[in-house]
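Structure, as structure tokens:
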Amino acid sequence: MNAKRTPRIFAWRLGLFLAIVAVWQALSALHGMAFYISSPSAIWLREGQWLADGTLLFHTSITVEETLGGFVLGAVAGVVAGFVIGPQRELGEVVDPFIVAVYSIPKVALAPLFIVWFGVGIWMKIILATVTVFFIVFFNTVAGVRNVDPDLINAVWLMGASSRDVLLKVIVPHALSAALTGVRISIPYALIGAVVGELIASNRGIGYLISSAASQFDTAGVFAALIVLTILATILNALVNFVDRRTSVWKVDANLSLRPN
Amino acid sequence: MEAVGRVFFRGGVEQVALDAVSLDIEDGSFVCFVGPSGCGKSTLLSIIAGLIAPTSGRVTNGGTAVQGPRPGVGYLTQKDTLLPWRDVLRNIETPLEIRGVAAAERTSKARELVELVGLRGRERAYPRELSGGMARRTSLARMLVADPELLLLDEPFSALDAQLRVEMQNELLRLWGDSGKTVVFVTHDLDEAIALGDRVVVLGARGRIVRDERIELARPRDVVAIRRSPEFHAIEARLWEALSADRYAEPAAVS
Ligand SMILES: Nc1ncnc2c1ncn2[C@@H]1O[C@H](COP(=O)(O)OP(=O)(O)OP(=O)(O)O)[C@@H](O)[C@H]1O
Ligand SMILES: [Mg+2]
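Each protein sequence line maps, in turn, to chains A and B.
By this note's numbering, the letter at position 199 of the first sequence is numbered 199, and the numbering carries on one by one without gaps.
By this note's numbering, the letter at position 234 of the second sequence is numbered 234, and the numbering carries on one by one without gaps.
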């Protein structure tokens with residue numbers, strides 16, 4: 001069934017895409033419309049021009065750099081902080097409200113502060129992406145550390161385990177799979193953090209391409225940059241799915257260990 | 001091993017899981033506990049294991065009070081507690097790993113146990129890929145690999161099919177045979193208790209001992225053959241009566 005359906009769905013997708021492009025092109029031919037919606041042909045030309053003069057590669061590589069930098073820093077900091085704070089109930093109870101308070105701030109609102117602290121260069125975007133990623137990974141790791149089935153801990157304790165054994169053989173493996181879930185879902189958020197930073201203050205990156213084109217009423221440029229962003233996000237999502245498939249072999253759903261009887 | 005337990009268990013309101021249970025379990029004996037669901041069998045095992053503390057009374061082991069888990073005790077809990085991120089073989093190795101046994105020795109011992117519980121070919125399966133009975137046998141193997149002196153078994157064979165259950169029962173008797181190990185075995189199945197035990201302790205609905213009977217059937221036993229003997233039926237009838245007498249006497253005493 002699947003073998004038959006896949007090509008059909010693919011054909012429909014292609015058809016829908018072509019229809020959208022055709023309608024778009026037709027609408028843009030109407031008087032004055034090109035100013036608002038540009039046109040697929042103009043966007044296509046702009047893409048080609050950017051590709052030729054290196055604009056595309058330059059700005060995309062900046063955004064990718066910020067995204068990856070923020071992702072790595074945020075993921076590492078989130079896992080480490082989660083493992084430090086997670087097992088200590090009392091410390092957790094003390095700091096939890098503060099962490100939730102900071103988490104609740106829309107990350108965009110932090111951008112002006114980060115400009116003051118880190119300037120308008122690449123670090124401000126990296127830090128913005130880092131903060132976004134950090135919370136996702138941190139909360140997942142803490143939940144992983146705290147939700148270990150106490151029966152599993154008892155089981156190894158009965159074998160004469162030290163608290164170090166309990167940590168290494170039960171808590172860490174359990175929390176690691178939760179942390180990994182956090183890391184996985186945070187990848188696209190790193191991109192959001194980086195682009196938001198670029199939109200607010202920058203002279204490079206895809207976010208900058210969008211805002212500079214818009215400020216010159218260059219609609220074709222805005223759409224061209226948006227398309228690049230879409231492609232980048234799609235690649236990142238594909239990466240997420242790939243990582244997901246590779247890790248689900250050993251990744252565990254803790255609930256599956258609960259068996260009746 | 002000598003155990004004197006007088007225990008209460010509390011949960012929100014005071015709930016009596018075990019009411020002043022006192023008994024001695026001799027070293028090297030095979031004692032079975034039977035009783036209705038919720039009568040406190042698992043609670044009793046957890047107390048003997050040192051996993052939970054009695055609210056009254058005490059448990060002693062060779063003269064010293066039990067105050068927590070101790071080496072030489074294997075406890076197969078009613079619920080399986082295999083580590084989901086370890087395959088069968090690595091799960092069985094866990095107790096040896098904690099003890100600091102070298103990797104090669106660990107693996108060879110674990111493989112012996114895999115063989116014993118009939119899980120050959122499933123060494124690399126993860127717990128979520130096992131059937132209930134396979135998980136149970138893995139847990140049993142994990143407990144046995146540590147070679148405990150005292151075995152606490154909470155309904156170890158209830159998840160197995162009839163044939164496999166008989167095999168495992170015979171295997172357990174063979175293992176225990178002349179090892180000098182002590183076995184405390186909890187089950188719902190009166191037949192199983194009589195076929196295996198030196199002694200069957202019947203617990204009543206409110207956590208009291210309603211009958212404590214020595215089983216004087218000859219050893220070595222075959223769990224299938226023994227069920228056909230007249231002595232077996234006589235014992236079963238007596239214990240069955242004790243169980244049902246307790247059931248019908250009880251409802252009057254509501255607190
Ligand atoms: N952690 C707990 N908190 C509160 N009550 C508990 C707890 N554990 C057991 N009990 C109660 O103690 C009583 C005895 O429970 P226990 O698990 O020992 O029964 P059991 O004889 O093993 O039953 P079964 O044959 O169904 O396994 C039950 O009434 C149960 O509700
Ligand atoms: Mg029980």
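Positions of the beta carbon are idealized from the N, C-alpha and C atoms, including for glycine.
As the structure is a prediction and not an experimental result, all values here were calculated from the model.
Considering Asp-96 of chain A, what are the terminal residues of the alpha helix (DSSP H) in which it resides?
If you look at Asp-96 of chain A, you'll find it in the alpha helix (DSSP H) that goes 89 to 104.
Kindly indicate which residue of B:Ile-47, B:Arg-70, B:Ala-245 and B:Thr-64 has the alpha-carbon position closest to the one of Trp-271 of chain A.
Look at the range of chain A in this structure, 1 to 261, and you will see that residue 271 of chain A is not part of it.
Following the continuous alpha helix (DSSP H) through Leu-119 of chain B, name the residue where it begins and the one where it ends.
Looking at the DSSP string, Leu-119 of chain B is not in any alpha helix (DSSP H), and its letter there is neither H nor E.
Going along the chain, which unbroken runs of the alpha helix (DSSP H) with 4 or more residues stay wholly within the region 91 to 175 of chain A?
Inside the region 91 to 175 of chain A, DSSP marks whole alpha helix (DSSP H) runs of 4 or more residues at positions 111 to 118, 122 to 146, 150 to 158 and 163 to 166, from first to last along the chain.
Anticipated Cβ contact below 8 Å, Phe-139 of chain A with Leu-128 of chain A, distance rounded:
That pair is no contact at about 18 Å.
State yes or no: is the C-beta of Lys-79 of chain B nearer than 7 Å to some heavy atom of ligand 2?
No, the Cβ of Lys-79 of chain B stays beyond 7 Å of every heavy atom of ligand 2.
What's the C-alpha gap between Leu-27 of chain A and Met-33 of chain A?
Rounded to the nearest angstrom, the two C-alpha atoms are 7 Å apart.
Can you pull the chain A neighbours of Ala-146 of chain B, defined as C-beta to C-beta under 9 Å?
Correct list: Met-159 and Gly-160.
Suppose the cutoff is 7 Å on Cβ atoms and the five residues either side in sequence are ignored; what does the same chain contact list for Thr-230 of chain A look like?
Cβ neighbours of Thr-230 of chain A beyond the five flanking positions: none.
Find out if the Cβ-Cβ distance for the pair Ile-43 of chain A, Ala-220 of chain A is shorter than 8 Å.
Their beta carbons are under 8 Å apart, which means Ile-43 of chain A touches Ala-220 of chain A by this criterion.
Would Val-156 of chain A count as contacting chain B if we go by Cβ distances under 8 Å?
Contact of Val-156 of chain A with chain B is assigned, a C-beta pair being separated by under 8 Å.
Could you check the C-alpha separation between Arg-122 of chain B and Thr-6 of chain A for me, to the nearest Å?
Whole-angstrom Cα-Cα distance: 36 Å.
Can you check whether the C-beta of Pro-71 of chain B is within less than 8 Å of a C-beta belonging to chain A?
Contact with chain A is found for Pro-71 of chain B, since one of that chain's Cβ atoms lies less than 8 Å from the residue's Cβ.
Give me, in chain order, the residues of the same chain whose beta-carbon lies closer than 8 Å to that of Ser-163 of chain A; leave out the 5 immediate sequence neighbours on both sides.
Closer than 8 Å at Cβ, skipping near neighbours: no residue.
Do the region 141 to 160 of chain B and the region 89 to 101 of chain B meet, that is, are 3 or more Cβ pairs less than 8 Å apart?
Verdict: yes, contact present.
Helix, strand or coil at Gly-74 of chain B according to DSSP, with G and I counted as helix
DSSP places Gly-74 of chain B within a strand segment (E or B) once states are collapsed to three.
Return yes when the Cβ of Asp-151 of chain A is within less than 8 Å of the Cβ of Thr-81 of chain B, no when it is not.
It is a contact, given that the beta carbons lie within the stated cut-off.
For Asp-154 of chain B, verify whether its CB is less than 7 Å away from any heavy atom of ligand 2.
Within the cutoff, so yes.
Helix, strand or coil for Ile-52 of chain B, going by three-state DSSP, please let me know.
Three-state DSSP puts Ile-52 of chain B in coil, outside helix and strand.
His-188 of chain B Cβ short of 7 Å to ligand 1 heavy atom set
Within the cutoff, so yes.
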